[in-house]
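From first to last, the protein sequence lines are chains A and B. For the record, in the first sequence the residue sitting at position 224 is 224 according to the working numbering, with numbers rising by one throughout. One gets the working numbering by counting positions in the second sequence from 1 and adding 1000 to each. Even glycine gets a Cβ: it sits at the ideal position worked out from N, Cα and C.
2 protein chains.
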Amino acid sequence: MKPVTLDDVAMRAGVSAKTVSRVVNDERSVRPQTRQRVLRAIEQLDYRPNLLARGLSGAHAYTIGLVYDNPNAYYIIAMQQGALAACDELNFNLQIRPCNSRSPGLAEELRDFANRSRLSGLVLTTPVSERTAALRRLAAYRIPFVRILSAARDPRDGSPCVYVDDRDAAYAITAHLLQLGHVRIGFLRGGRHHHASAERLRGYKDALHDYGVPWRRELVIDGDYVFDDGFRGARRLLDLAEPPTAIFGCNDEIAAGALAAAQSAGLQVPYDVSIAGFEDSPFSRHSWPPLTTARQRADIIVERATRMLIARIGGGEVANEGFNPELVVRGSTAPPRPKSRQRRRR
Amino acid sequence: MKPVTLDDVAMRAGVSAKTVSRVVNDERSVRPQTRQRVLRAIEQLDYRPNLLARGLSGAHAYTIGLVYDNPNAYYIIAMQQGALAACDELNFNLQIRPCNSRSPGLAEELRDFANRSRLSGLVLTTPVSERTAALRRLAAYRIPFVRILSAARDPRDGSPCVYVDDRDAAYAITAHLLQLGHVRIGFLRGGRHHHASAERLRGYKDALHDYGVPWRRELVIDGDYVFDDGFRGARRLLDLAEPPTAIFGCNDEIAAGALAAAQSAGLQVPYDVSIAGFEDSPFSRHSWPPLTTARQRADIIVERATRMLIARIGGGEVANEGFNPELVVRGSTAPPRPKSRQRRRR
DNA sequence: ACGCGCCATGACAGCGCTGTCATGGCGGCC
DNA sequence: GGCCGCCATGACAGCGCTGTCATGGCGCGT
């Protein structure tokens, strides 16, 4: 009835509880023969450590917190999966924590979150990972964390992170559109408080520049990382006197909104207008036509970050790591219609 | 530096730790004046209870587990939001737990999951909640849980649950299509091990029957609750010698797949074929045309279940509660094209 | 043969909280 | 006025585990 405890195992194996603890935690300095005896007892009794007791007693609770502030369901699920995969393998627990990255008390909220359950550390995803002032305070509270950042190169700022080169990927997408022959390319920007938005815009502008195409302010439209802003933004672009022949949405959800806007305007994608997204979320595969996008494996990125965090908690030195999203060309992009056969919006 | 403890507060307020504990846990039998003194000390020191210690010491850890086995990102996020909303308000913690509902050791996995962290109880979502044999064992281990079920009425089987009338909602959707004038209505069925699939099929058949339309085996296609099965299933339906004029997907993702299949076949939705989904996930709003569907508020349903669970843990008697998804008509359904003007698949 | 040091193990004291039971004070009742 | 009972509070012993330090045995060097 009552769960088996360390003492039960110790009794059965004829050793002290401490020795069982040593075996469970895989410490050395237990004679192989003793270890065997203990392991047998553990198996016979089907012993499972009580995580609360372990956490209360030890320096930390073998639990990490995954912190996010994101409206994107696919993205969140992918991140959770990555974190869970790492945790399962390394025998850690996971606590999820949606939050408001712009709250003034962010650092204190996270500190309390960590302290209440004696979390071992936090994985901070964008845009929480970009609130530098808050993170400085968090570091001062001695809460270990690993950030996931949108950056072209290793920031080497003494705080461990996994960085994703959004600029480069946005450049690749824009270049793809340019190579198809598009010149007027609309850009639907994502939330301003995501550094990734700026990086992606930079990639877009850099590519235009390298291809000798001046960027036009009227083709860049602000919005958030949500479907409706993609829809509205695309509408505005398509309503221009000279509408773009291609639209690059800052993520797949925005692009899906743009796709819906084009279709609702009676346009055929990709023949009348090309649309590209970013992220390779199921969105981009679950629309018709499927979206050209940049594959960004949030699950793998977060898994990596989680492993780094756990390694760091264990006292290891860990090197930062970079990821490069990869261009995925699907059916939503094609060369622009020749001018002569250009179809007007109905 | 070190987090403030009960003893610190007790010292400051000039009372015993136990009294502080009483105040924190809102137990009565503390003189108002004492309570005030303690509350002031708590505020001054910014005290936060350590959840591990509380959980280790008490009978349970003020933490509930949310158990799911589901590939649907939107659904999972909605459920998590609901559970988090209830937990935040009632000062509980949440642990998430994806699992394989068909694993033979399900009950034991869940027991261990619960025991390791001394969880207060579990919220079991479909289809985990439908593994009756496993649940009997789980109950025998004295793990409290609340199920979320697909059922037309309260099962009154002594185990608390929240039930959702999928049959009724599927009936409403089918009736809606019939009323538009559709007679050949395809049905894309979701995963066999979800009871909801059977219930929705029942609603579909019942409606057909009530409207005097015989159901045809070739119009019902098996699949799982994923986009690709919706796509493939719809393809098969549209390839029939006499294709359906409307397709009812067992959830929005299936319907989105069907929508893509129709569009990829050059058909216009809803003019050439109507498509309806189920769930009202963002999917149904993020496609073009947006999907007619049945609104099922997973967040609210899970929030309700979480509150029931917590009430039950607190020793209360709780009544089961039913939800009725509600028909939401959007642009993906319309009357069938008159026979004369029927358009052939290209 | 003696002593030193190291390795395997154990005893013990918490970690921060709650359950249980004891205590003391005070109002009410006969 | 004395006794009972109840209410507010506190002392204390864990919850199940780990950190620290003590211990005892054994190999090895001289």
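request  = Give a yes or no on whether the minimum CB-CB distance between ILE1173/B and chain A is below 7 Å.
outcome  = One-based indexing of the second sequence puts residue 1173/B at position 173. Chain A, which has no Cβ nearer than 7 Å to the Cβ of ILE1173/B, makes this no.
query = When you compare only the Cα positions, how much space is there between LEU1177/B and GLU326/A?
reply = The residue labelled residue 1177/B in the question sits at position 177 within the second sequence. The residue labelled residue 326/A in the question sits at position 326 within the first sequence. If I take the Cα positions, the gap works out to 43 Å.
query = In chain B, which residues lie with their C-beta within 9 Å of the C-beta of HIS60/A?
reply = Looking up residue 60/A in the first sequence gives position 60. Result: empty, since nearest Cβ-Cβ is about 10 Å, beyond 9 Å.
message = For ASN1100/B, count the other beta carbons within 10 Å of its own beta carbon; 16 or more makes it buried, fewer makes it exposed. Which is it?
response = Taking the second sequence and counting its residues from 1, the one referred to as residue 1100/B is at position 100. It is exposed - the Cβ of ASN1100/B has fewer than 16 other Cβ atoms within 10 Å.
query = When you check each C-beta in the stretch 270-294 of chain A against every C-beta of chain B, which residues fall closer than 9 Å?
reply = SER281, PRO282, PHE283, ARG285, HIS286, SER287, TRP288, PRO289, PRO290
ask   = Would a C-beta distance cut-off of 7 Å place PRO1244/B and LEU1267/B closer than the cut-off?
value = Here residue 1244/B corresponds to residue number 244 of the second sequence, with the count starting at 1. Here residue 1267/B corresponds to residue number 267 of the second sequence, with the count starting at 1. No, Cβ-Cβ distance for PRO1244/B and LEU1267/B is not below 7 Å.
ask   = Should LEU1051/B be flagged as near chain A, meaning a C-beta pair shorter than 7 Å?
value = As a first step, residue 1051/B must be located in the second sequence, where it is residue number 51. Chain A, which has a Cβ nearer than 7 Å to the Cβ of LEU1051/B, makes this yes.
task = To the nearest angstrom, report how far apart ALA1078/B and ARG1217/B are at their CA atoms.
result = The residue given as residue 1078/B occupies position 78 in the second sequence. The residue given as residue 1217/B occupies position 217 in the second sequence. Computed Cα separation, rounded: 34 Å.
Test: ARG1330/B CB closer than 7 Å to a CB of chain A = As a working note, residue 1330/B is residue 330 in the second sequence. So, not an interface residue.
request  = Under 8 Å by Cβ, that's how I've got ASN320/A and CYS161/A pegged, so tell me the actual separation to the nearest angstrom.
outcome  = In the first sequence, counting from the first residue as 1, residue 320/A sits at position 320. In the first sequence, counting from the first residue as 1, residue 161/A sits at position 161. That pair is a contact at about 5 Å.
request  = Go ahead and pull the three-state DSSP assignment for VAL1220/B.
outcome  = For the purposes of this step, residue 1220/B is identified with residue 220 of the second sequence, where counting begins at 1. In this structure, DSSP gives VAL1220/B an extended state, which the three-state scheme calls strand.
inquiry  = Helix, strand or coil for LEU1149/B? Go by DSSP, reduced to three states.
reply    = Here the question's residue 1149/B lines up with position 149 in the second sequence. Of the three classes helix, strand and coil, the one that applies to LEU1149/B here is strand, per DSSP.
message = I'd like to know whether the C-beta atoms of THR1125/B and HIS1194/B end up nearer to each other than 7 Å.
response = The residue you call residue 1125/B lines up with position 125 of the second sequence. The residue you call residue 1194/B lines up with position 194 of the second sequence. It is not a contact, given that the beta carbons lie outside the stated cut-off.
query = Does the ligand FAD have even one heavy atom less than 6 Å from the beta-carbon of ARG48/A?
reply = Ligands displayed in this structure: none; no statement on the ligand FAD is therefore possible.
request  = Would you list the residues sitting across from SER1274/B in a DSSP beta bridge?
outcome  = In the second sequence, counting from the first residue as 1, residue 1274/B sits at position 274. Beta-bridge pairing links SER1274/B to ALA1246/B.
query = By how many angstroms is the C-alpha of GLY105/A removed from the C-alpha of ALA140/A?
reply = The sequence position of residue 140/A within the first sequence is 140, counting from 1. The sequence position of residue 105/A within the first sequence is 105, counting from 1. Each residue's Cα considered, the two are about 14 Å apart.
Per-residue contacts from ALA236/A into chain B (C-beta, under 9 Å) = To locate residue 236/A, count along the first sequence from 1; it is residue 236. Note on identity: in this sequence residue 236/A is Arg, with Ala being the wrong assignment. Result: empty, since nearest Cβ-Cβ is about 17 Å, beyond 9 Å.
message = When you compare the CB of TYR1074/B with every CB in chain A, is at least one pair closer than 7 Å?
response = Counted from its first residue, the second sequence places residue 1074/B at position 74. Judged by the 7 Å Cβ criterion, TYR1074/B is in contact with chain A.
task = Please work out which residues of its chain come closer than 7 Å, Cβ to Cβ, to VAL329/A, disregarding the five sequence neighbours upstream and downstream, and give them in chain order.
result = Mapped onto the first sequence, residue 329/A falls at position 329. Closer than 7 Å at the Cβ level, and outside the excluded window around VAL329/A, lie HIS176, THR292.
ask   = Just the Cα atoms here: how many angstroms apart are PHE278/A and GLN1081/B?
value = Taking the first residue of the first sequence as position 1, residue 278/A is located at position 278. Taking the first residue of the second sequence as position 1, residue 1081/B is located at position 81. For PHE278/A and GLN1081/B, the distance between alpha carbons rounds to 25 Å.
request  = Report back the beta-carbon spacing between GLY203/A and ARG167/A to the nearest angstrom; my notes put them in contact at under 8 Å.
outcome  = Working through the first sequence from its first residue, we reach residue 203/A at position 203. Working through the first sequence from its first residue, we reach residue 167/A at position 167. Correct: roughly 4 Å between the Cβ atoms.
ask   = At least one CB of chain B closer than 7 Å to the CB of PRO104/A: is that the case?
value = If you number the first sequence from 1, residue 104/A lands on position 104. Judged by the 7 Å Cβ criterion, PRO104/A is not in contact with chain B.
inquiry  = Is ASP1112/B close to chain A? Criterion is C-beta to C-beta, closer than 7 Å.
reply    = Within the second sequence, residue 1112/B is the residue found at index 112, counting from 1. So, interface residue.
ask   = Around the C-beta of GLY1239/B, are 16 or more other C-beta atoms found within 10 angstroms, so that it is buried, or is it exposed?
value = Counting from 1 along the second sequence, the entry for residue 1239/B is found at position 239. Before going further, note that residue 1239/B is Asp rather than Gly in the sequence given. Under this definition ASP1239/B is an exposed residue.
Distance, GLY181/A Cα to THR333/A Cα = Taking the first residue of the first sequence as position 1, residue 333/A is located at position 333. Taking the first residue of the first sequence as position 1, residue 181/A is located at position 181. One alpha carbon belongs to THR333/A, the other to GLY181/A, and they sit about 11 Å apart.
Through-space distance from GLU1027/B to LYS1018/B, alpha-carbon basis = Position 18 of the second sequence, counted from the first residue, corresponds to residue 1018/B. Position 27 of the second sequence, counted from the first residue, corresponds to residue 1027/B. Going from the Cα of LYS1018/B to the Cα of GLU1027/B covers about 11 Å.
request  = Return the first residue and the last residue of the beta strand (DSSP E) that ILE185/A is part of.
outcome  = Position 185 of the first sequence, counted from the start, is the residue given in the question as residue 185/A. First-last of the beta strand (DSSP E) with ILE185/A: 185-188.
key: Partner residues on chain B for ALA134/A, Cβ-Cβ distance less than 8 Å   = Locating residue 134/A in the first sequence gives position 134, counting from the first residue. Within chain B, no residue comes near ALA134/A; the closest Cβ sits about 17 Å away, beyond 8 Å.
ask   = Roughly how many whole angstroms lie between the Cα atoms of ARG1297/B and ALA10/A?
value = The residue given as residue 1297/B occupies position 297 in the second sequence. The residue given as residue 10/A occupies position 10 in the first sequence. Those two C-alpha atoms are separated by around 50 Å.
query = Which class does THR19/A belong to by DSSP, given the choice of helix, strand or coil?
reply = Translated into the one-based positions of the first sequence, residue 19/A becomes position 19. It is helical.
key: Contact the stretch 1228-1236 of chain B vs the stretch 1251-1258 of chain B: 3+ CB pairs below 8 Å   = The stretch 1228-1236 of chain B is in contact with the stretch 1251-1258 of chain B.
query = In angstroms, rounded to a whole number, what distance separates the CA positions of PRO71/A and ARG1118/B?
reply = Position 71 of the first sequence holds residue 71/A. Position 118 of the second sequence holds residue 1118/B. Looking at the two C-alpha atoms, the distance is approximately 31 Å.
task = May I ask which residues mark the beginning and end of the beta strand (DSSP E) holding ARG97/A?
result = Within the first sequence, residue 97/A is the residue found at index 97, counting from 1. Element bounds for ARG97/A: 93-98.
message = Please report whether the beta-carbon of LEU1188/B lies at a distance below 7 Å from any beta-carbon of chain A.
response = Counting from 1 along the second sequence, the entry for residue 1188/B is found at position 188. For LEU1188/B, the answer is no, since every Cβ of chain A falls outside 7 Å of its Cβ.
inquiry  = I'd like to check one pair, LEU201/A with ARG189/A: are the Cβ atoms closer than 7 Å?
reply    = Position 189 of the first sequence holds residue 189/A. Position 201 of the first sequence holds residue 201/A. Yes, Cβ-Cβ distance for ARG189/A and LEU201/A is below 7 Å.
query = In three-state DSSP terms, what is ALA196/A?
reply = For the purposes of this step, residue 196/A is taken as residue 196 along the first sequence, with counting starting at 1. It is helical.
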